[in-house]
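Chains as they are written, first to last, in the numbering used here: chain A, 1 to 174; chain B, 1 to 174. For glycine and all other residues, C-beta sits at the position ideal for the given N, C-alpha and C. Fair warning: this is a prediction, and the values are worked out from it, not measured in the lab. Below: the structure, in structure tokens.
Number of protein chains: 2
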Amino acid sequence: MAELTGVQKQYILHWGEMGTRWGINRTVAQIHALLYLSPRALPAEEIAETLSVARSNVSTSIRELETWGIVRAVHVLGDRREHYESMKDVWEMFRLVIEQRKRREIDPTREMLRRGLADLDPKELGADYTRERLAAMAGFFEAVTELHDQMKRLPTGTVRKLLRMGTKMRRKAG
Amino acid sequence: MAELTGVQKQYILHWGEMGTRWGINRTVAQIHALLYLSPRALPAEEIAETLSVARSNVSTSIRELETWGIVRAVHVLGDRREHYESMKDVWEMFRLVIEQRKRREIDPTREMLRRGLADLDPKELGADYTRERLAAMAGFFEAVTELHDQMKRLPTGTVRKLLRMGTKMRRKAG
DNA sequence: CGTTTCTTTCAGTACAAACTGAATATACAG
DNA sequence: CTGTATATTCAGTTTGTACTGAAAGAAACG
Chain A
1 MAELTGVQKQ
11 YILHWGEMGT
21 RWGINRTVAQ
31 IHALLYLSPR
41 ALPAEEIAET
51 LSVARSNVST
61 SIRELETWGI
71 VRAVHVLGDR
81 REHYESMKDV
91 WEMFRLVIEQ
101 RKRREIDPTR
111 EMLRRGLADL
121 DPKELGADYT
131 RERLAAMAGF
141 FEAVTELHDQ
151 MKRLPTGTVR
161 KLLRMGTKMR
171 RKAG
Chain B
1 MAELTGVQKQ
11 YILHWGEMGT
21 RWGINRTVAQ
31 IHALLYLSPR
41 ALPAEEIAET
51 LSVARSNVST
61 SIRELETWGI
71 VRAVHVLGDR
81 REHYESMKDV
91 WEMFRLVIEQ
101 RKRREIDPTR
111 EMLRRGLADL
121 DPKELGADYT
131 RERLAAMAGF
141 FEAVTELHDQ
151 MKRLPTGTVR
161 KLLRMGTKMR
171 RKAG
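In structure tokens form, the structure reads like this:
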């Protein structure tokens with residue numbers, strides 16, 4: 001992965017761009033893209049050179065990817081440096097990211113809604129309407145959580161089975 | 001909605017914060033939260049005052065919410081100003097947002113992957129490995145698209161049925 | 001039409017997040 | 001231990017996005 005080919009460059013740039021749109025640091029996303037495409041683990045310095053970013057930036061970004069569990073350090077014989085490699089199983093990678101974003105973002109939102117409903121003083125202005133809206137939103141988040149839990153537990157390949165079932169149910173329903 | 005209650009404030013602030021984490025402008029998210037909680041349509045000026053942001057900022061943000069189709073302008077008798085109201089159906093709101101983010105982000109990524117696979121020169125360094133990685137990622141995005149199409153067409157309430165099915169399949173499988 | 005009310009646009013500014021490079025810490029070899 | 005290679009931290013800087021206020025543009029009114 002000393003030099004990038006055109007296709008690789010495209011992929012890395014696009015991935016970085018996508019990252020920013022989903023609240024993920026551009027460099028973090030680019031490093032992940034680079035490692036994902038690399039057939040071997042890469043040392044931080046090589047990553048920095050390839051992407052033209054500071055060595056320290058790579059260090060921070062790698063650490064974030066590690067906390068997500070989609071990149072890990074491996075050791076190479078006769079080299080003191082850490083080498084980093086990306087998980088290659090795409091489904092598993094997204095599952096990990098989704099699981100953690102749920103924990104960091106969905107769960108606190110659910111909690112906020114629950115607390116809001118509890119804290120609502122029936123005497124305050126428009127309490128009934130506010131309760132109604134909060135409850136509707138809370139219901140949605142409960143369902144999303146349920147969906148996530150299901151997915152998490154489904155054996156591999158079952159998602160596709162469910163997709164087919166969805167088709168059948170849709171046909172029946174008209 | 002002249003003055004905000006504590007619970008309403010909490011909701012609006014939290015929603016704004018969530019927005020930023022998902023690549024959605026804080027003010028846009030806050031305005032949406034405010035309108036979602038409001039039992040009546042609000043004129044831009046009132047929104048600006050309530051959230052302490054510039055009138056022009058509200059204008060821009062409202063326009064974005066309108067392009068997503070989750071906020072619309074309505075007219076109030078005896079008032080020349082536009083009043084804005086949010087859609088109240090939570091599922092439908094998220095469906096709209098997801099559909100459009102898919103169009104703006106997932107579809108172009110799918111396209112990039114397809115083009116990458118087509119452009120890959122078999123003679124360039126590591127072409128086989130790159131192809132393998134791109135293909136794996138492309139497969140994932142195809143599946144996501146399929147999933148999205150299914151969901152889009154499912155009659156209301158079917159998602160919940162699928163959830164229950166998932167439970168059964170999981171029990172059988174393990 | 002001219003006036004008033006409301007909305008949008010836009011150039012400039014403010015702010016938050018990302019990034020750098022130097023300093024510091026850690027790990028290893030001799 | 002000492003010296004060297006590598007990794008991390010952090011203060012300061014850069015960059016990009018969000019935001020403001022003034023000005024221009026529309027729309028309704030008399």
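Is residue i close to the ligand NAP? I mean its beta-carbon at under 7 Å from any heavy atom of the ligand.
i: Lys123 of chain B; result: Among the components modelled here there is no ligand, and therefore nothing to report on the ligand NAP.
Determine, for residue i, whether the minimum Cβ-Cβ distance to residues of chain A falls below 8 Å.
i: Leu37 of chain B; result: yes
i: Tyr129 of chain B; result: yes
i: Met87 of chain B; result: no
i: Gly23 of chain B; result: yes
i: Thr5 of chain B; result: yes
i: Thr109 of chain B; result: yes
i: Glu90 of chain B; result: Here residue 90 of chain B turns out to be Val, not Glu, going by the sequence shown. Yes - at least one Cβ of chain A is within 8 Å of the one on Val90 of chain B.
i: Gly201 of chain B; result: Any property of residue 201 of chain B remains undetermined from this structure, which presents chain B solely from 1 to 174.
Check whether the Cβ atoms of residue i and residue j lie closer than 8 Å to each other.
i: Arg145 of chain B; j: Arg110 of chain B; result: Before going further, note that residue 145 of chain B is Thr rather than Arg in the sequence given. Their beta carbons are under 8 Å apart, which means Thr145 of chain B touches Arg110 of chain B by this criterion.
i: His259 of chain B; j: Leu42 of chain B; result: Residue numbering for chain B in the displayed model covers 1 to 174; residue 259 of chain B lies beyond these limits and cannot be assessed.
i: Ile31 of chain B; j: Val58 of chain B; result: yes
i: Leu34 of chain B; j: Ile47 of chain B; result: yes
i: Trp22 of chain B; j: Trp22 of chain A; result: yes
i: Val97 of chain A; j: Ile62 of chain A; result: no
i: Thr5 of chain B; j: Leu125 of chain A; result: yes
i: Thr130 of chain A; j: Leu117 of chain B; result: no
i: Arg55 of chain A; j: Ala73 of chain A; result: no
i: Glu105 of chain B; j: Met18 of chain A; result: yes
According to DSSP, residue i sits in a beta bridge with which residue or residues?
i: Pro43 of chain A; result: A:His83
i: Val75 of chain B; result: Reading the sequence as shown, one finds His at residue 75 of chain B and not Val. Answer is B:Glu82, bridged to His75 of chain B.
Got a sec: is the Cβ-Cβ distance from residue i to anything in chain B below 8 Å?
i: Gln191 of chain A; result: Given that chain A is displayed from residue 1 to residue 174, the structure contains no residue 191 of chain A and the question cannot be resolved.
i: Ala41 of chain A; result: no
i: Ala136 of chain A; result: yes
i: Glu99 of chain A; result: no
i: Gly116 of chain A; result: yes
i: Glu142 of chain A; result: no
i: Gly16 of chain A; result: no
i: Glu124 of chain A; result: yes
i: Glu105 of chain A; result: yes
i: Leu65 of chain A; result: no
i: Leu183 of chain A; result: With chain A covering only 1 through 174, there is no way to say anything about residue 183 of chain A.
i: Arg133 of chain A; result: yes
At the level of alpha carbons, what is the spacing between residue i and residue j?
i: Met112 of chain A; j: Asp119 of chain B; result: 48 Å
i: Val53 of chain A; j: Glu66 of chain A; result: 19 Å
i: Met176 of chain B; j: Met87 of chain B; result: With chain B covering only 1 through 174, there is no way to say anything about residue 176 of chain B.
i: Gln100 of chain A; j: Asp107 of chain A; result: 10 Å
i: Val28 of chain B; j: Lys9 of chain B; result: 15 Å
i: Asp79 of chain B; j: Val90 of chain B; result: 29 Å
i: Glu85 of chain A; j: Arg103 of chain A; result: 25 Å
i: Glu64 of chain B; j: Pro39 of chain A; result: 42 Å
i: Leu51 of chain B; j: Leu134 of chain A; result: 19 Å
i: Asp128 of chain A; j: Glu142 of chain A; result: 21 Å
i: Asp149 of chain B; j: Ile12 of chain A; result: 27 Å
i: Lys152 of chain B; j: Arg95 of chain B; result: 8 Å
i: Glu49 of chain B; j: Arg81 of chain B; result: 15 Å
i: Pro122 of chain A; j: Phe140 of chain A; result: 23 Å
i: Glu132 of chain B; j: Trp68 of chain B; result: 36 Å
i: Glu3 of chain A; j: Leu147 of chain B; result: 37 Å
i: Thr60 of chain B; j: Arg26 of chain A; result: 26 Å
Check: What are the complete alpha helix (DSSP H) segments, minimum 4 residues, inside the region 80–139 of chain A?
Finding: Within the region 80–139 of chain A, the complete alpha helix (DSSP H) runs of at least 4 residues are 90–101, 107–119.
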